[in-house]
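Notes follow once the structure below has been shown.
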Amino acid sequence: MGATDLTRLTRREFVKDGFVFAAGAAGLAAGYAAVPDVFARAVYAGKKDGVMNDRVLVMIQLAGGADGLQTVIPMNDSNLRNLRPTLSRAADTALPLGNSGQGLNRSMKGIKALYDQGKVAIMQGVGYPKPNFSHFDSIRIWETADPDRKQQDGWLGKTIASNYDSQGHPLVGCACGTSEVPGALRDLQATLSVVNGQNTFKFNGGDAERAMGVIYNGTPGIYGALFDTSVFSARDTIARLRTAQARYTPKATYNDNVNLVYSSRNQLASALQLAAQLIVSGVGAKILHVTLGGWDTHDQEFARHESLMGYVDTAVSAFHADLAAYGMADRVLVATWSEFGRRAQETGNAGTDRGTSAPMLLIGDTVKGGLYGETPSLNVGRDGNLKYGVDFRAVYQEILESHMKVDAREVISQRFERIPAVAV
Amino acid sequence: MGNQKKLPAKGGPTRRKVLVTALTAGAGVAAARVLGMRNLGSDTINEALDPMTAAAGMDPMGTYGAGTMDDPDGSLGIPDDSFFGPQNLDGTVLPEQLRPAATLPPVAASPRTITAAAPGALQPPISGITAPRIAGDLDWVSPLGTQQAMVTHLLRRATFGYTDAELDRALSEGYKATVDRFVDTPFAEPPAYTVRPAATPRPKPTATPTPRPSGVAATATPAATLTAAATKTPAPSPSLAAPMTNNTPINIGNLQVWWVDWMTQSPTPFGEKMTLFWHGHFTSDYRKVGTNSPAIYWQNLTWRKMAMGDLKSMLMQVTPDLAMLRYLDLAVSTGRAPNENYARELMELFTLGVGNYTEDDVKAAAKALAGWRLPMRTEPTAQTGIFDPKRAYTGAVTFLGKTAMFDAAGVVDQILAQEATATFVTRELARYFVSPGVSDAYVARLADGFRRSRYDVRSLMRSIFMSPEFTAPDAYRALIKSPTEFMISSAKALGATNLSRTMTGYGSMLGQNLFDPPSVAGWGDNASWISSNTMLQRANYVSTILGQLRAVPSAAKAHERHLDSVLGAGTVQELNNARDDRSRWFAVFAAPEFQLK
Numbered sequence: 001m002g003a004t005d006l007t008r009l010t011r012r013e014f015v016k017d018g019f020v021f022a023a024g025a026a027g028l029a030a031g032y033a034a035v036p037d038v039f040a041r042a043v044y045a046g047k048k049d050g051v052m053n054d055r056v057l058v059m060i061q062l063a064g065g066a067d068g069l070q071t072v073i074p075m076n077d078s079n080l081r082n083l084r085p086t087l088s089r090a091a092d093t094a095l096p097l098g099n100s101g102q103g104l105n106r107s108m109k110g111i112k113a114l115y116d117q118g119k120v121a122i123m124q125g126v127g128y129p130k131p132n133f134s135h136f137d138s139i140r141i142w143e144t145a146d147p148d149r150k151q152q153d154g155w156l157g158k159t160i161a162s163n164y165d166s167q168g169h170p171l172v173g174c175a176c177g178t179s180e181v182p183g184a185l186r187d188l189q190a191t192l193s194v195v196n197g198q199n200t201f202k203f204n205g206g207d208a209e210r211a212m213g214v215i216y217n218g219t220p221g222i223y224g225a226l227f228d229t230s231v232f233s234a235r236d237t238i239a240r241l242r243t244a245q246a247r248y249t250p251k252a253t254y255n256d257n258v259n260l261v262y263s264s265r266n267q268l269a270s271a272l273q274l275a276a277q278l279i280v281s282g283v284g285a286k287i288l289h290v291t292l293g294g295w296d297t298h299d300q301e302f303a304r305h306e307s308l309m310g311y312v313d314t315a316v317s318a319f320h321a322d323l324a325a326y327g328m329a330d331r332v333l334v335a336t337w338s339e340f341g342r343r344a345q346e347t348g349n350a351g352t353d354r355g356t357s358a359p360m361l362l363i364g365d366t367v368k369g370g371l372y373g374e375t376p377s378l379n380v381g382r383d384g385n386l387k388y389g390v391d392f393r394a395v396y397q398e399i400l401e402s403h404m405k406v407d408a409r410e411v412i413s414q415r416f417e418r419i420p421a422v423a424v
Numbered sequence: 001m002g003n004q005k006k007l008p009a010k011g012g013p014t015r016r017k018v019l020v021t022a023l024t025a026g027a028g029v030a031a032a033r034v035l036g037m038r039n040l041g042s043d044t045i046n047e048a049l050d051p052m053t054a055a056a057g058m059d060p061m062g063t064y065g066a067g068t069m070d071d072p073d074g075s076l077g078i079p080d081d082s083f084f085g086p087q088n089l090d091g092t093v094l095p096e097q098l099r100p101a102a103t104l105p106p107v108a109a110s111p112r113t114i115t116a117a118a119p120g121a122l123q124p125p126i127s128g129i130t131a132p133r134i135a136g137d138l139d140w141v142s143p144l145g146t147q148q149a150m151v152t153h154l155l156r157r158a159t160f161g162y163t164d165a166e167l168d169r170a171l172s173e174g175y176k177a178t179v180d181r182f183v184d185t186p187f188a189e190p191p192a193y194t195v196r197p198a199a200t201p202r203p204k205p206t207a208t209p210t211p212r213p214s215g216v217a218a219t220a221t222p223a224a225t226l227t228a229a230a231t232k233t234p235a236p237s238p239s240l241a242a243p244m245t246n247n248t249p250i251n252i253g254n255l256q257v258w259w260v261d262w263m264t265q266s267p268t269p270f271g272e273k274m275t276l277f278w279h280g281h282f283t284s285d286y287r288k289v290g291t292n293s294p295a296i297y298w299q300n301l302t303w304r305k306m307a308m309g310d311l312k313s314m315l316m317q318v319t320p321d322l323a324m325l326r327y328l329d330l331a332v333s334t335g336r337a338p339n340e341n342y343a344r345e346l347m348e349l350f351t352l353g354v355g356n357y358t359e360d361d362v363k364a365a366a367k368a369l370a371g372w373r374l375p376m377r378t379e380p381t382a383q384t385g386i387f388d389p390k391r392a393y394t395g396a397v398t399f400l401g402k403t404a405m406f407d408a409a410g411v412v413d414q415i416l417a418q419e420a421t422a423t424f425v426t427r428e429l430a431r432y433f434v435s436p437g438v439s440d441a442y443v444a445r446l447a448d449g450f451r452r453s454r455y456d457v458r459s460l461m462r463s464i465f466m467s468p469e470f471t472a473p474d475a476y477r478a479l480i481k482s483p484t485e486f487m488i489s490s491a492k493a494l495g496a497t498n499l500s501r502t503m504t505g506y507g508s509m510l511g512q513n514l515f516d517p518p519s520v521a522g523w524g525d526n527a528s529w530i531s532s533n534t535m536l537q538r539a540n541y542v543s544t545i546l547g548q549l550r551a552v553p554s555a556a557k558a559h560e561r562h563l564d565s566v567l568g569a570g571t572v573q574e575l576n577n578a579r580d581d582r583s584r585w586f587a588v589f590a591a592p593e594f595q596l597k
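Residue numbers (the numbering used here), protein chains in the order written: chain A, 1 to 424; chain B, 1 to 597.
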């Protein structure tokens, strides 16, 4: 069964045939890269022709407001020492990005290596007009791609709702390593999965799955189809996860035993490993979301930020290496986001208050590596905040249109000049 | 919005101090899982909050973390048990294959027969059980012509389901008398929330250890839940029972348990339903209010007290409510720099609805409403905001067509003078209690009475329950139970009162974490509650509670008492598959019929 056939399957046939991936099981023995229907399954979820591709997006949320100036560090700007008497020592050990004068935090060795291979695009000074300093509000702004806070649905959820058949393919959009739907994925028109861990997305009780299958069969009433499809999707997802587990062996070391100075309780590495499993096993994942908290560094920031960023670095490096070993790194884009950066000026407690703009990192083989956007000036005014130069929605737009190849206009109300950070 | 740039800088020192305190205390943001980050209000808010916050030594985020670690709720993870699992089960629960087969009489012959039957046809009684009135192929067949079904319908809509005793009482009193009792009986106040020791020792769960999932907030493992329930302090020690002030930090997980306990056990459960409705309507989110702030608790008490009053007095309590002042930023709104957030939502979501006011009205209302502030550190017992004329706007504004010097009461009066207000609020209530597809004519009729009663919610609710539309066939099973309704109604059906921690643990997985609505628009409804995840977790919740209870009542009549004997073919089939009470309760609670109300 070829890719085209799969995409044309009706829902009735899908249900009748049971789990579609079974069809390609034989081919899998030969190795993933060689299996045509891995590709087929990735595109299977597409609702329309233009979006039938094998691209996958993984968004990493750095919750709490990750400090941009400790991540991409202006190494030669004397203002930095004045603004940040203690934190600026990170500039001494930063990993220089060519002759740009910018350097990555020394804890980001893996990402630096990827940068040197042209696989990291650094969007500098990303923010939005009229900065909002509430974590709560600003997270919502980033999640809904709407600084006016009018939108309810998340930008990733909207992308899924307008482009993919998520009802038939519940793993199209999946939050990994959490038990709640992140706001960015939320959309009433989309079916989403939240898979905390491989072993928790299942029916408890040996008999429950069978019983649910018996009960939810031709349910009457206005919600009948919704109920039946939801239960079907849950059972389908469980089966897909089981298959995913069987078909995937990590080819890189994901280490969650990281001694974080500032523990986040979010196991990023295992969440990314779950993401890799969903991608590699070809169960239809398109948009994945993982989160690492702990970035609200109002005091004693130096070691904390380094330790968290080091964790991101090792987790993302393992993820990329894993996908590369499976020959799939060319279809997956990883992007980081945080609700805001931090004040340029250090606090009296060697930390920083909530700020405005910060860099976003786009990592993957489809990326055209380098620095984008203007480096924010450290000649900050009395409020101590960096000016934003790149609207975060412009980055979303580039991700959606150049990497995912979907129409961003259905998701973002405004058009932005293209920032060509992803190869088309 | 120049003030946004200016204000954060001023919030600095106190805020830093608070954070240091919290971080030194240990867990800090550490424990805050991701979303814990969200609980921080804006700096502009915190500037005003600092007196309260600092006095209690409670950075929302920091203490949130500590609380999570110290609290029994903090045991995270999706319960991973089976109700046939080993833990805490007595000898009556045996693995399925060891049970004698068919200990319960079958519900109906065979599903095939049922499916083939004409819609609404009754199957012949089997083994003394009244046969189910089955559903038609396309829709449920409404039984609301009978007194019994009207009563169960009312109890599902107006309360959180029922215990056997509650159902028996309502059945003996009849429909109208039950409506009168619900509407006329003053709502019972919950017992005061008491702060429990921060470091309640938690014995290790005895269940097979499962990998701790990351990033989860408030899910108790079954074993921990049972332990928590078993060791729950019956009476707080005197020192802990001291009256709460704004400086007393609360634990949001415990507060959720406190409310769920009362939803389950209140003698006036209609009061809890109304309180939940207003919690979704005049909503606030503990994350922005401040994770450990008692303001969200004061709000819950206020909403319950005002729930059946008139809309004017309600709005006059909502406006200066401490949690609301924080949540919608009215506390930082001044005449010089008005913040429009509250003014806008007051009209858009609370009273008029979109299209019935202009942007100029929002600006005018923002000026007119400015002047409220939060209590200072030295005012720890103030449970509402304080109006400071120095912060207010002194000029006249034109608001909804009238030019005057408005204060909050003037704004509310002008809103209530609009035809749209009664219509909007009535529609919200009718959609919540009757059907998502209420007709304009029905809403208009109810709204007319609402206006004539001077916005008396009590008489509006009586009108709703006594209207023919409420018990019309197309209202039958027209609504989907929210997670809270679903969980509590199953607990009540089992007569269980010790499942509160399980319920709050499952709340976020099912999509309803109390005091934490997804947006300023409050909770979703109906279809928004249902997804592959939530159906999976609804089933798991049922498995979990059936596994936790040492004994369950007979399920022989469960489909009559809890599903009106109006059953789909799949449910009939599984009821007949079930060979013991637990399995049959599982089928009842997991069935689509029980997800509906």
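The beta-carbon is built from N, C-alpha and C at its ideal position, and this holds for glycine as well.
In this structure, the straight-line span from the alpha carbon of alanine 478/B to that of aspartate 525/B is close to 11 Å.
Shown here, alanine 344/A sits in a strand according to DSSP, grouped into three states. Along the length of the region 378–406 of chain A, whole alpha helix (DSSP H) runs at least 4 residues long occupy 392–398, reported in chain order. Straight-line measurement puts the Cα of glycine 221/A at about 18 Å from the Cα of arginine 431/B. Residues of the region 556–582 of chain B with a C-beta less than 7 Å from any C-beta of chain A: Gly568, Ala569, Gly570, Thr571, Gln573, Glu574 and Asn577, listed in chain order. Contact with chain B is absent for threonine 336/A, since none of that chain's Cβ atoms lies less than 8 Å from the residue's Cβ.
At a cut-off of 8 Å, the C-beta of asparagine 292/B has no neighbouring C-beta in chain A. The straight-line gap separating the alpha-carbon atoms of serine 402/A and aspartate 236/A is approximately 31 Å.
Residues Ala365, Ala368, Leu369 and Phe399 of the same chain have their beta carbon placed closer than 7 Å to that of valine 411/B, with the five preceding and five following residues left out of the count. Residue state for serine 565/B is assigned as coil, using DSSP reduced to three classes. With a threshold of 16 other beta carbon atoms within 10 Å, alanine 252/A meets it and is buried. Glycine 125/A: member of the beta strand (DSSP E) spanning 120–127, first to last residue.
Shown here, glycine 221/A sits in coil according to DSSP, grouped into three states, outside any helix or strand.
Restricted to the region 313–375 of chain B, the alpha helix (DSSP H) segments that are unbroken, complete and at least 4 residues in length are 322–327, 341–345 and 359–369, listed in chain order.
Counting the other Cβ atoms within 10 Å of the Cβ of leucine 95/A gives 16 or more, which makes it buried. Chain order gives the chain A residues near aspartate 139/B as Pro220, Gly221 and Ile222, where near means a beta carbon separation below 8 Å.
Looking only at Val424/A, Met360/A, Asp383/A and Ala63/A, the smallest Cα-Cα distance to valine 395/A is reached by Met360/A. Going by C-alpha positions, tyrosine 326/A is about 17 Å away from valine 58/A.
Bounds of the beta strand (DSSP E) holding histidine 289/A are 287–292. According to the DSSP secondary-structure assignment, threonine 291/B is paired through a beta bridge with no residue.
Taking the CA atoms as reference points, alanine 145/A sits about 6 Å from arginine 393/A.
Ranked by how close their Cα comes to the Cα of tryptophan 529/B, the residues Leu292/A, Asp256/A and Leu192/A have Leu192/A in first place.
Taking 8 Å as the cut-off, the Cβ atoms of proline 170/A and histidine 289/A do not count as close.
Under the three-state reduction of DSSP, valine 316/A is assigned to helix. Residue burial is scored here from C-beta neighbours: threonine 291/A has at least 16 other C-beta atoms within 10 angstroms and is therefore classed as buried.
In the DSSP assignment, aspartate 581/B forms no beta bridge with any residue. Within the model, the alpha-carbon separation for histidine 153/B versus aspartate 383/A is close to 59 Å. Excluding the 5 residues flanking it on each side, glutamate 345/B has same chain C-beta neighbours closer than 8 Å at Leu328 and Val520, in chain order. Assignment of alpha helix (DSSP H) within the region 241–286 of chain A, counting only whole runs of 4 or more residues, yields 268–280 in chain order.
Where threonine 398/B is concerned, the enclosing beta strand (DSSP E) starts and stops at 397–399. Around leucine 416/B, the same chain offers Leu311, Lys312 and Tyr455 as residues with beta carbons nearer than 7 Å, after the five sequence neighbours per side are excluded. Going by C-alpha positions, proline 129/A is about 24 Å away from arginine 186/A. Bridge partners of methionine 59/A according to DSSP: His289/A and Ala335/A. Chain-order list of chain B residues neighbouring glutamine 152/A: Pro518, Ser519 and Ala521, by C-beta distance under 9 Å.
Residue pairing for alanine 404/B: DSSP places it in a beta bridge opposite Val397/B.
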